[in-house]
Amino acid sequence: MKNIVILVSGSGSNLQRIIDTIDSGEIQKAKVSLVVADRDCYGLERAKKHNIPTALIPRGKNFSSELAKIIPENTDLIVLAGFLSILKPEFCENWVGKMINIHPALLPKFGGKGMWGHHVHNAVIEAKEKESGATVHFVTTGIDEGDVILQKSFKVTENDTPETVAEKVHLIEYEIFPIAINKVLSS
Ligand code: GRF
């Protein structure tokens, strides 16, 4: 059984998808052992509804060191699922190859500092991109720079807005996240 720790900052619909696909067996031989948030958010409620232990560490300069103290020793994988804080380099270096993130665009496009949530979708529409998508990648010390594990695109049409792009991205995320997690856990 592989133990996964999930970090969230928001609604946690990707967290929900991971919980559901563990229950359905789509993600194999895994368990969410802890959900950590950097702010009060609905993601924590979702975890509690499934009796998953939770922790809230307020965002700020001590986040990474506090997180390091509570991560269970038997953790196989840390998953950033809509997590908005930047983790300290020392923390990232300790988890190389064992920490992944989902990004709401086709990296390396629309990644880096400030590129999160609606900022990404606004930029995609403004740039008149013909496609967007989602990327699951390893976390390194560079923001959104780690190796890509899985990526999937969809067509952006003239009628799309940042809101419709966000909805389409979420659907792609729900599709690729469980596959990417299986891939990393079985490698
Ligand atoms: C996702 O689009 C993710 O890629 C981005 O933030 C969003 C989180 O959504 N980093 P949710 O909290 O999983 O619903």
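Take 2 as the starting number for the sequence shown in our numbering and just add one per residue. Every residue gets a Cβ at the ideal spot worked out from N, C-alpha and C, and that includes glycine.
Glycine 113 has its alpha-carbon roughly 16 angstroms from the corresponding atom of glycine 134. For isoleucine 180, no beta strand (DSSP E) segment is defined; the enclosing uninterrupted segment is the alpha helix (DSSP H) at 163-186.
When DSSP reads this structure, methionine 100 sits in a beta bridge with Ile79.
Ligand 1 approaches asparagine 15 closely enough that one of its heavy atoms is under 8 angstroms from the residue's Cβ.
By the neighbour-count criterion, in which a residue is buried when 16 or more other Cβ atoms sit within 10 angstroms of its Cβ, proline 179 is buried. Shortest Cα-Cα distance from leucine 35 to any of Met100, Ile7, Gly115 involves Ile7.
Of the other Cβ atoms in all chains shown, fewer than 16 fall within 10 Å of the Cβ of aspartate 148; this residue is therefore exposed. The Cβ atoms of aspartate 77 and proline 109 lie no closer than 9 angstroms to each other. Listed as beta-bridge partners of histidine 119 by DSSP are no residues whatsoever. Along the region 42-91, the beta strand (DSSP E) occurs as fully enclosed runs of 3 or more residues at 55-57, 78-81, listed in sequence order.
By the CB criterion at 9 angstroms, leucine 85 and glycine 118 fall inside the cutoff. The residues Thr22, Pro179, Ile182, Asn183, in chain order, have a CB closer than 6 angstroms to that of isoleucine 28 in the same chain once the five nearest residues on each side in sequence are set aside. Across the structure, histidine 171 and leucine 151 are spaced so that their CA atoms are roughly 15 angstroms apart. Shown here, glutamine 29 sits in coil according to DSSP, grouped into three states, outside any helix or strand. In this structure the region 93-106 does not touch the region 44-61; the number of beta carbon pairs closer than 8 angstroms is below three. Assignment of beta-bridge partners to glutamine 152 by DSSP yields Thr136. By the CB criterion at 9 angstroms, isoleucine 101 and isoleucine 79 fall inside the cutoff.
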